[in-house]
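>
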Amino acid sequence: MSQIYLQQEKAFISLLAAVGVGLVLLGMIPLAQLGRSLQTRPIARVQSVEFALSSRHDYPYILTDSGQLLEPLGEGQWRVVDVGQTTHIQDFVIDDRAHIWIAADEGLFIEQSHVWEVVNPAPTRGLIQLTDDIVVVDHQGQPYSVQHETPLNIPAGGTPIAEWVTLPSQRHVILAGEKLYHSSNILESWQPLETVDPIAHIWLSEQGKLWAGTRHEILEWDEPTQTWKPSLPNAVNQPFDMLKQFQGATYALVSGKLFRYTDSTWAEVAVSAEAHDLTHLIADGETTLWVMDRSEMKLFASQDGTNWEGVSIVIQPETTSPNPQQQLERRTSQQVSNSG
Numbered sequence: 004m005s006q007i008y009l010q011q012e013k014a015f016i017s018l019l020a021a022v023g024v025g026l027v028l029l030g031m032i033p034l035a036q037l038g039r040s041l042q043t044r045p046i047a048r049v050q051s052v053e054f055a056l057s058s059r060h061d062y063p064y065i066l067t068d069s070g071q072l073l074e075p076l077g078e079g080q081w082r083v084v085d086v087g088q089t090t091h092i093q094d095f096v097i098d099d100r101a102h103i104w105i106a107a108d109e110g111l112f113i114e115q116s117h118v119w120e121v122v123n124p125a126p127t128r129g130l131i132q133l134t135d136d137i138v139v140v141d142h143q144g145q146p147y148s149v150q151h152e153t154p155l156n157i158p159a160g161g162t163p164i165a166e167w168v169t170l171p172s173q174r175h176v177i178l179a180g181e182k183l184y185h186s187s188n189i190l191e192s193w194q195p196l197e198t199v200d201p202i203a204h205i206w207l208s209e210q211g212k213l214w215a216g217t218r219h220e221i222l223e224w225d226e227p228t229q230t231w232k233p234s235l236p237n238a239v240n241q242p243f244d245m246l247k248q249f250q251g252a253t254y255a256l257v258s259g260k261l262f263r264y265t266d267s268t269w270a271e272v273a274v275s276a277e278a279h280d281l282t283h284l285i286a287d288g289e290t291t292l293w294v295m296d297r298s299e300m301k302l303f304a305s306q307d308g309t310n311w312e313g314v315s316i317v318i319q320p321e322t323t324s325p326n327p328q329q330q331l332e333r334r335t336s337q338q339v340s341n342s343g
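Under the numbering used here, think of the first position of the sequence shown as 4, with each following residue one higher.
Structure below.
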């Protein structure tokens, strides 16, 4: 996610996490086919700030740093999702029903059956998907529950939430600034989760453990004993930007490079000779690992973490379609007409 990286998975995302995010990729095309892209000149550069998988498509949705959401069309082509011409998208998640939620400067939107609806016109900057709820972060960085329609009382001194993890025990852990807070009920009883060193990122491991990254190592929280223990060393004496486990190995993104941890050793992964600005690492279960290279405008996928196939990101020209408010008004007028 843009401001918020959803760490919880229900099956990345799965993420956006998911952030549990229950996003699954169905009908995955062969990597040989994935490598083919139409020889169409890209009409815009993409600086991805986030991407996520959906059951609707074989390729991920991509959120750019210019606030545009790109929907995959297949064969290496994407189109800009029209959520109103003035909308600057800050974040998005895809729920278990494949509905897209968008946090934007112009409000909170949801797409259902290819129709966009305005959920709340107040500016929003982040989204977190839980098992049965969506947490919205407003323009001041304060979270509230969509299901309960109430703000969350998190004692973070006004510091915006950066990341959120939900453990198998349904205990929620958030990172605000460099500090952690946890609670078994999102509406109350948030308490500090003390650490010796400042925390840069948090993740949920394959084993359902809370991982917290410092500058020097990855710590693992032992929930029964309420203690921290070392889990992994850092590959290059700086915090990891993203961590993902895939087919028994741990992968990390740091400073635009991808590393793999196997046999107690970190080694850099050669995704492509040209790729040098890798960002956003997600996995479709144990089937496919995805990473994006911003410098080359390419999306790479691997079925084993070693052999990679890339596809260029080609953006189709925008087409005119009703903005969210027009769509909402149209749906409302149709409902009134039908009721009459």
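Cβ coordinates follow ideal geometry from the N, Cα and C atoms, glycine included. Note that the structure is a prediction, hence the values are computed from the model and not measured.
When you compare the stretch 231–243 with the stretch 197–208, are there three or more beta-carbon pairs, one atom per stretch, that lie closer than 8 Å?
yes
> From the DSSP output, in three-state form, read off MET300 for me.
In the structure shown, MET300 falls within a coil segment according to DSSP collapsed to helix, strand and coil.
> At 3 residues or longer, what runs of the beta strand (DSSP E) sit wholly inside the stretch 195–243?
204–207, 213–216, 220–225 and 230–236
> Whole angstroms are fine: how far does the CA of GLY180 sit from the CA of ILE164?
7 Å
> Considering just the uninterrupted stretch of the beta strand (DSSP E) at VAL121, what are its terminal residues?
118–123
> Where does the unbroken beta strand (DSSP E) through VAL139 begin, and where does it stop?
Here the beta strand (DSSP E) through VAL139 covers 137–141.
> Taking DSSP's pairing of strands, which residues face GLY77 in a bridge?
GLN80
> For my contact list, LEU130 and ASP85 are in at a C-beta cut-off of 8 Å; report their separation, rounded to the angstrom.
At roughly 19 Å, the Cβ-Cβ gap does not stay under 8 Å, so LEU130 and ASP85 are not in contact.
> Please state whether the Cβ-Cβ distance between PHE303 and VAL274 is less than 9 Å.
One thing to note: PHE303 has its Cβ within 9 Å of the Cβ of VAL274.
> Which one of GLN173, TRP193, ASP244 and SER192 has the shortest CA to CA distance from ALA203?
ASP244
> Would you report the Cα separation of GLY211 and ALA270, rounded to the nearest angstrom?
25 Å
> Can you give me the start and stop residues for the beta strand (DSSP E) that ILE92 sits inside?
92–97
> What's the gap between the Cα of GLU114 and the Cα of HIS102?
6 Å
> Alpha carbon to alpha carbon, what distance is there between ILE65 and GLU74?
7 Å
> Under three-state DSSP, which class holds ARG100?
coil
> My assumption, with CB atoms under 8 Å, is that SER187 sits in contact with GLN173. Please give the rounded CB distance.
6 Å
> Mind checking who SER186 pairs with in its DSSP beta bridge?
HIS175
> Which of the three DSSP states is assigned to PRO146 in this structure?
Note: PRO146 maps to strand in three-state DSSP.
> With distances taken Cα to Cα, identify the nearest neighbour of ALA159 among HIS151, GLN71, GLY144 and ALA238.
Each of HIS151, GLN71, GLY144 and ALA238 was checked against the Cα of ALA159, and the nearest Cα belongs to GLY144.
> Of all the options ASP61, THR291 and SER298, which has the alpha carbon lying nearest to the alpha carbon of GLY308?
Of ASP61, THR291 and SER298, the residue nearest in Cα terms is THR291.
> Determine the direct distance from the alpha carbon of LEU246 to that of ARG218, and round the result to whole angstroms.
14 Å
> Name, in chain order, the residues that DSSP records as bridge partners for ILE316.
Paired residues: none, contrary to the question.
> Taking C-alpha atoms, which residue in TRP214, GLY259 and GLN241 lies nearest to THR253?
In terms of CA proximity to THR253, TRP214 leads the group TRP214, GLY259 and GLN241.
> As an exercise, report each continuous beta strand (DSSP E) stretch of at least 3 residues that is fully enclosed by the stretch 238–295, in chain order.
245–249, 252–257, 260–265, 268–271 and 281–287
> Quick test of your reading: ARG82 and ILE316, contact by CB under 8 Å. State the CB separation rounded to the nearest angstrom.
At roughly 11 Å, the Cβ-Cβ gap does not stay under 8 Å, so ARG82 and ILE316 are not in contact.
> Do you know whose CA, among HIS283, SER298, SER267 and TRP293, lies nearest ALA276's CA?
SER298
> Which of the three DSSP states is assigned to TRP167 in this structure?
strand
> Alpha carbon to alpha carbon, how far is ALA107 from ILE221? Give it in angstroms, no decimals.
33 Å
> What does the alpha-carbon distance come out to for the pair ASP136 and GLN150?
6 Å
> With DSSP collapsed to three states, give me the class of ALA157.
In the sequence on display, residue 157 carries Ile and not Ala. In this structure, ILE157 counts as coil in the three-state DSSP scheme.
> Using a Cβ cut-off of 9 Å (strictly closer), state whether GLN229 contacts chain D.
Within the model displayed, chain D is absent; a lone protein chain is all it includes.
> Is it true that the CB of THR282 sits closer than 9 Å to the CB of VAL272?
no
> Going by Cα to Cα distance, which pick from LEU235, GLU191 and PRO201 is closest to SER208?
LEU235
> I'd like the span of the beta strand (DSSP E) that includes THR67, first residue to last.
64–67
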